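Before any comments, here is the structure.
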Amino acid sequence: MKTLGPLSIALWFAAATFPGFPAAGAARPAAELTLPEGVDDLVFAVRPTGPDVHYYANFGYYSYDPEEKAYPIGGQLCRLNLASGEVRVLLDDPS
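Residue 1331 in the working numbering sits at position 69 of the sequence shown; the count goes up by one each step and never skips.
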């Protein structure tokens, strides 16, 4: 007989208690994205994953050595055309 852990029990309780709680494996409806009128493009940054996954890691406390960064070298600034799905690199900084 397999026993349930605390997380399994909590999830079972939530599913039994809250009728709106999605059942395991249930399909979730897709969220609809609503953008302001006239927005045709999105600009976004692409960076490699670093040793610290927190976005605020470089705000001054990560390291005593100013040369030790919480992010790897390289990155891009890109533009996504929402109508066509085309991605254009605006700025490529490999170093």
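Ideal Cβ positions, reconstructed from N, Cα and C, are used throughout, including at glycine.
None of the values given here were measured: they were computed from a predicted structure.
Closest by C-alpha distance to residue i, when choosing among the options
i, options, result
"L1344", "A1292, V1305, A1293", "V1305"
"C1340", "R1309, L1297, A1292, E1294", "R1309"
"H1316", "D1302, K1331, P1298, G1300", "K1331"
Sequence-distant residues of its chain with Cβ nearer than 7 Å to residue i (five each side left out)
i, result
"P1356", "G1336"
"P1313", "A1332"
"E1299", "none"
"P1334", "P1310, G1312"
Residues that residue i bridges to, as DSSP identifies them
i, result
"L1342", "L1304, V1349"
Other residues of its chain near residue i: CB distance less than 6 Å, five sequence neighbours each side excluded
i, result
"Q1338", "V1308, V1351, D1354"
Proximal residues to residue i (C-beta, below 8 Å), its chain only, five neighbours per side dropped
i, result
"D1208", "This structure cannot speak to residue 1208, because the chain is shown only from 1263 to 1357."
"E1348", "L1342"
Note to self: Extract the residue ranges of the beta strand (DSSP E) inside the stretch 1299-1338, only unbroken runs of 3 or more that lie entirely within it.
What the structure shows: Here the runs fully enclosed are 1303-1308.
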